[in-house]
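Participant:
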Amino acid sequence: MAPRTSRRRAERGARRRRLPMRYLLPSLVLVALMAMLMLRGFVHSEILADHRIQEPAATDRVPDEILEGGPVIDTRGGKAGSLSLPDHRLVLTFDDGPDPEWTPKVLDVLKKHDAHAVFFVTGTMASRYPDLVSRMVEEGHEVGLHTFNHPDLSFQSHRRIDWELSQNQLALAGAAGVRTSLFRPPYSSFADAMDNKSWPVTQYIGSRGYITVVNNTDSEDWKKPGVDEIVRRATPQGRKGAIVLMHDSGGDRHQTVEALDRLLPDLGRKGYEFDNLTEALGAPSAHTKVSGIELWKGKAWVYAVQASENTTGALVVGLAVIGVLVFARFGLMLILSALHARRVRRRGFRWGRPVTEPVSVLVPAYNEAKCIENTVRSLMAGEHPIEVLVIDDGSSDGTARIVENLRLPNVRVVRQLNAGKPAALNRGIANARYDLIVMMDGDTVFEPATVRELVQPFGDPSVGAVAGNAKVGNRNSMIGAWQHIEYVMGFNLDRRMYDMLNCMPTIPGAVGAFRRSALERVGGMSEDTLAEDTDITMAMHRDGWRVVYAENARAWTEAPESVQQLWSQRYRWSYGTMQAIWKHRRAVIERGPSGRFGRIGLPLVALFMIVAPLLAPLIDVFLLYGLVFGPTQKTVVAWLGVLLIQAVCAAYAFRLDKERMTHLLSLPLQQVLYRQLMYVVLLQSWITALTGGRLRWQKLRRTGVVEAPVAAPREPVRGDERRPVG
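Position one of the sequence shown corresponds to residue 14 (this note's numbering), numbered consecutively onward.
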């Protein structure tokens, strides 16, 4: 029995230690994105790059036959020799490429004049533009190594030199399926410029099987001296053979291309031939075909680099999109919120005739024993005539009994087996006596004026539903303060904007009101989605009803008190919103009020509530990338600029809601951490949607710390009962 028990315990421990899929998948995506960014930084010489250049040194250790010899240096097998080109042989060499703009133009000119050349490519550029390397080989040109990251090798260890060579060969194998025996050191010049620092490197390069190729004719095209001057400097003296140094990368090379187009026919008329190096020397080709594992390793490397380039490009596009969305959303919010406040706060503003008729308040409750008494008593302290229906949805903690024991007038309890919130609300609608129906959550408390303020817009007969002002009651912890900022800035400021655009996407479940006739016309609360409040609001718009925002109808709700509970709530909201958008997708092609909402409201909801939060972490990803790899100053300034815009909007929202500004001190941290949370939530919601998964309604644990305000908004008390944020 003991071994079996131990095995069961081990299995239970393994299950407990297993990382939940909702964390694992987003984490893997984030790690993959960071890996792609790191690879991109590597092939763009932002990682492991060394830009130091050695100062000239003495030459006493360099053999005379090297200093006085030709530009082809062979130190293989421990020997030291050099070669020069025969007369009338010209080897054109191009460094630092391939470049996507200038290398094709150079190749076109060479093909036009039936000339061959040698391209000394860097591994970074060959990895990024493998098609150009392949074209070089296919058109008969030779390719040589120019290191991977273009460092001055006299500063590097033998291990780093080996790495530069092998990585350069890997890129060449993946791009063109060949290896090469030609090498040109970065920052090299004529053979007589070899010194005591560069000579040991040349010897080591030879020991690895490479021929070092410098030059004896420098066009100095990198200085951009003009086409005539490049042609003059690239022309050999007399009829001597020459290795000419030019560049097909590293900046604007239009002078090089024009000079090449003149140089080739001019020298051709003088009897020069334009060959590869080995052709000019009468030696075997420098290329060796690669096959087997080495070929596949090279192809895998090039594929990974291409993936990183494409991924980074997509991320940059995503960053641009989120930038546009951030500026567009905040711009719209500031302008339209100001117009909304000006409209509803002007002297003498009325929705229509004052609404004084009684209202039915529905309180769906499932295991709300800790909160329900505060909720019901806050309603009894209200200024508007109401009846209260507490729909007990199969609670197992005595919620219904608590309400019944209060023995309050006009408060009824309706019991049902557990069927979910939409079913509870529909049960309440069926039992309600009055035509105006207010809906709230069982953990929410109203101010005395909330119901009265909430129903006044029904003085306008075109109004079918009203969204109230939901506020976080338990805001005295860090996570509560963050949600407080989100509610005031992200929800209520949004609702002002959507009110002005007549496309309010969601009536909060914590505080909303409906006409019974409007509810009946759209079929009541639907169980089709997990966001029944968003679903019913969209249905109202499609049926032609106005949905407005009542800023003074304040309700205080208990927000989740741990990251786990917050994640569960936002996961349900996000997935439910996606379901609602999909359910009402036909509105995009319909006419009338439904079409108007479909072509204005649905795109705004999709962009601001799904796409923007999903892409928002890119702001922080590129911040980290910029801090590590640069440009640091521009990155920080850009990030602070976005934060400043958010702070301005948040401050304005707090001013409109008459909230204390001290909570905004946590805004920077809130923005960074919330972006990551929303990324995880939305990514998991997308995965659930795409895989056809089902997400059940999730009940959050309540503590009952939110109490009914007496006359004005105030901070919740009983802070000693709060649990730590986890």
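Virtual Cβ for every residue (Gly too), placed ideally from N, Cα, C.
Since W569 contacts K484 with CB under 8 angstroms, what's their CB separation in whole angstroms?
Facilitator: The residue given as residue 569 occupies position 556 in the sequence shown. The residue given as residue 484 occupies position 471 in the sequence shown. At roughly 5 angstroms, the Cβ-Cβ gap stays under 8 angstroms, so W569 and K484 are in contact.
Participant: Taking the CB atoms as reference points, tell me whether S262 and R53 lie closer together than 8 angstroms.
Facilitator: Sequence index remark: in the sequence shown, residue 262 carries index 249 (1-based). Sequence index remark: in the sequence shown, residue 53 carries index 40 (1-based). Their beta carbons are not under 8 angstroms apart, which means S262 does not touch R53 by this criterion.
Participant: Work out the CA separation of A526 and R446 for me, nearest whole Å.
Facilitator: One-based indexing of the sequence shown puts residue 446 at position 433. One-based indexing of the sequence shown puts residue 526 at position 513. Their backbone Cα atoms lie some 15 angstroms apart in a straight line.
Participant: Could you tell me whether the segment 208 to 228 touches the segment 180 to 187, using the rule of 3 or more Cβ pairs below 8 angstroms?
Facilitator: No: fewer than three Cβ pairs fall under 8 angstroms.
Participant: Taking the alpha-carbon positions, what's the E396 to P371 distance?
Facilitator: For this step, residue 396 is matched to residue 383 along the sequence shown. For this step, residue 371 is matched to residue 358 along the sequence shown. Approximately 11 angstroms, taken between the alpha carbons.
Participant: Just tell me which of L438, V389, A436 has its CA closest to the CA of R420.
Facilitator: What you label residue 420 is simply residue 407 of the sequence shown in a count that begins at 1. Measuring from the Cα of R420, the nearest candidate turns out to be V389.
Participant: Along the chain, which unbroken stretches of the beta strand (DSSP E) at least 3 residues long are found entirely within the segment 432 to 485?
Facilitator: The segment 432 to 485 contains these whole beta strand (DSSP E) runs: 449 to 452, 457 to 459, 476 to 485.
Participant: Shortest alpha-carbon distance to L430 belongs to which of N418, D473, D454, P377?
Facilitator: What you label residue 430 is simply residue 417 of the sequence shown in a count that begins at 1. Comparing Cα-Cα distances from L430 to each of N418, D473, D454, P377, the minimum goes to P377.
Participant: Based on DSSP bridge pairs, tell me the residues matched to K302.
Facilitator: Start at 1 with the first residue of the sequence shown, and residue 302 comes out as number 289. V191, per the DSSP bridge assignment.
Participant: Taking buried to mean at least 16 other C-beta atoms within 10 Å of its own C-beta, is A327 buried or exposed?
Facilitator: Within the sequence shown, the letter at position 314 stands for residue 327. So A327 counts as exposed.
Participant: For the segment 334 to 397, list the beta strand (DSSP E) runs that are entirely contained and at least 3 residues long, ordered along the chain.
Facilitator: Within the segment 334 to 397, the complete beta strand (DSSP E) runs of at least 3 residues are 372 to 378.
Participant: Give the DSSP-derived three-state secondary structure of Y562 in the structure shown.
Facilitator: Residue 562 sits at position 549 when you count from the first residue of the sequence shown. Looking at Y562 - three-state DSSP - the assignment turns out to be strand.
Participant: Based on DSSP bridge pairs, tell me the residues matched to H260.
Facilitator: Position 247 of the sequence shown, counted from the first residue, corresponds to residue 260. DSSP, once it has assigned bridges, lists D108 as partnering H260.
Participant: Identify, in the order they occur along the chain, each residue of the same chain with its Cβ nearer than 6 angstroms to the Cβ of R246, setting aside the five sequence neighbours on each side.
Facilitator: Position 233 of the sequence shown, counting from 1, holds the residue named residue 246. If we look at R246 and ignore the five residues flanking it on each side, its Cβ neighbours are S232, E233.
Participant: Let me know the secondary structure DSSP gives Q429 once reduced to three states.
Facilitator: Residue numbering aside, residue 429 sits at position 416 when the sequence shown is read from its first letter. The answer is strand: DSSP assigns Q429 an E or B state.
Participant: Report buried or exposed for N289, applying the criterion of at least 16 other Cβ atoms within 10 angstroms of its Cβ.
Facilitator: Along the sequence shown, one-based indexing puts residue 289 at 276. Its Cβ being crowded by 16 or more others within 10 Å, N289 is buried.
Participant: Let me know if H497 comes out buried or exposed under the rule of 16 or more other beta-carbons within 10 Å of its beta-carbon.
Facilitator: Here residue 497 corresponds to residue number 484 of the sequence shown, with the count starting at 1. H497 comes out buried.
Participant: Does any residue of chain D bring its CB to less than 8 angstroms from the CB of T388?
Facilitator: Among the protein chains of the structure shown there is no chain D, as only one such chain exists.
Participant: Measuring alpha carbon to alpha carbon, tell me which of E672, E151, I623 ends up nearest R688.
Facilitator: Walking along the sequence shown from the start, residue 688 turns up at place 675. Cα-wise, what sits closest to R688 is I623.
Participant: Check S607 in the structure and name its three-state DSSP category.
Facilitator: Along the sequence shown, read from residue 1 onward, the residue named residue 607 stands at position 594. Reduced to three states, the DSSP call for S607 is helix.
Participant: Please report the straight-line C-alpha distance between V464 and V426, rounded to a whole angstrom.
Facilitator: Start at 1 with the first residue of the sequence shown, and residue 464 comes out as number 451. Start at 1 with the first residue of the sequence shown, and residue 426 comes out as number 413. Near 20 angstroms, if we compare the C-alpha coordinates of V426 and V464.
Participant: Taking the alpha-carbon positions, what's the G411 to V403 distance?
Facilitator: Taking the sequence shown and counting its residues from 1, the one referred to as residue 411 is at position 398. Taking the sequence shown and counting its residues from 1, the one referred to as residue 403 is at position 390. C-alpha separation (whole angstroms): 13 angstroms.
Participant: Taking a contact to mean a Cβ-Cβ separation below 8 angstroms, would you say M553 touches T324 in this structure?
Facilitator: In the sequence shown, the residue the question calls residue 553 occupies position 540. In the sequence shown, the residue the question calls residue 324 occupies position 311. No. Outside cutoff.
Participant: Let me make sure I understand the geometry here. Which of M502, H159, W235, H597 has the alpha-carbon closest to that of V134?
Facilitator: Working through the sequence shown from its first residue, we reach residue 134 at position 121. The shortest Cα separation from V134 among M502, H159, W235, H597 belongs to H159.
Participant: Helix, strand or coil, according to DSSP, for L421 in the structure here?
Facilitator: Translated into positions along the sequence shown, residue 421 becomes position 408. Coil at L421, not helix or strand.
Participant: What residue does the beta strand (DSSP E) around I86 start on, and which one ends it?
Facilitator: As a working mapping, residue 86 is identified with position 73 in the sequence shown. Residues 85 to 87.
Participant: What is the DSSP secondary structure of G91, counted as helix, strand or coil?
Facilitator: The residue given as residue 91 occupies position 78 in the sequence shown. Looking at G91 - three-state DSSP - the assignment turns out to be helix.
Participant: What's the C-alpha gap between G503 and P644?
Facilitator: Along the sequence shown, one-based indexing puts residue 503 at 490. Along the sequence shown, one-based indexing puts residue 644 at 631. So the two alpha carbons sit approximately 31 angstroms from each other.
Participant: Quick one: give me the first and last residue of the beta strand (DSSP E) that T225 is part of.
Facilitator: On the sequence shown, position 212 is the one that residue 225 refers to. Segment 224 to 226, the beta strand (DSSP E) holding T225.
Participant: The beta strand (DSSP E) spanning E78 covers which residue range?
Facilitator: On the sequence shown, position 65 is the one that residue 78 refers to. E78 -> not in any beta strand (DSSP E); alpha helix (DSSP H) instead, spanning 77 to 80.
Participant: Distance check for A128 and L277, CA to CA, integer angstroms please.
Facilitator: Residue 277 sits at position 264 when you count from the first residue of the sequence shown. Residue 128 sits at position 115 when you count from the first residue of the sequence shown. Cα to Cα, the separation comes out at about 8 angstroms.
Participant: Less than 8 angstroms between C-beta atoms, sequence neighbours within five positions excluded: which residues of the same chain meet that for A625?
Facilitator: One-based indexing of the sequence shown puts residue 625 at position 612. Answer for A625: I335, L338, V339, R342, listed in chain order.
Participant: Excluding the five sequence neighbours on either side, which residues of its own chain have a C-beta within less than 6 angstroms of the C-beta of L345, listed in chain order?
Facilitator: Counted from its first residue, the sequence shown places residue 345 at position 332. Counting only Cβ-Cβ distances below 6 angstroms, and skipping sequence neighbours, we find M510.
Participant: May I ask you to report which of helix, strand or coil DSSP gives T248?
Facilitator: As a first step, residue 248 must be located in the sequence shown, where it is residue number 235. DSSP places T248 in coil when its eight states are reduced to three.
Participant: For V368 and V401, which I take to be in contact (beta-carbon distance under 8 angstroms), what is that distance rounded to the nearest angstrom?
Facilitator: Taking the first residue of the sequence shown as 1, we reach residue 368 at position 355. Taking the first residue of the sequence shown as 1, we reach residue 401 at position 388. Not really, about 18 angstroms apart at Cβ, beyond 8 angstroms.
Participant: Pull the bridge partners of W235 from the DSSP assignment, please.
Facilitator: In the sequence shown, residue 235 corresponds to position 222, counting from 1. DSSP, once it has assigned bridges, lists no residue as partnering W235.
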